[in-house]
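**Student:** Numbering (the working numbering), first residue to last: 36 to 119. Have a look at the structure that comes next, please.
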């Protein structure tokens, strides 16, 4: 999925959610979520706990906790390697 990034000063109140930022320089990121199955999307504030539990279960099945733990240990070991 590619993102379109737009950096500009907002000068319109067409989108009500952006009203607090009118007159300020902002970065707007537009992404197409058509490739995502809607069953894998939980909208913030929707209180759709069944969808959340389903996604959490899918994550537990596919997430490699050991790989992440190993990567974090490696990052800590080499954190100062680039410093003089």
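The beta carbon of each residue, even a glycine, is placed where N, CA and C say it ideally should be. Note that the structure is predicted; figures quoted are calculated from it, not measured.
DSSP state of residue 111, grouped into three classes?
**Tutor:** helix
**Student:** What is the rounded straight-line gap between the Cα of residue 44 and the Cα of residue 57?
**Tutor:** 8 angstroms
**Student:** So who's on the other strand from residue 18, going by DSSP bridges?
**Tutor:** Because the chain in this structure spans residues 36 to 119, residue 18 falls outside the shown range and cannot be described.
**Student:** Hey, residue 63 and residue 41: beta-carbon distance below 7 angstroms or not?
**Tutor:** In contact: residue 63 and residue 41 (Cβ atoms closer than 7 angstroms).
**Student:** Could you have a look at residue 118 and say whether DSSP puts it in helix, strand or coil?
**Tutor:** coil
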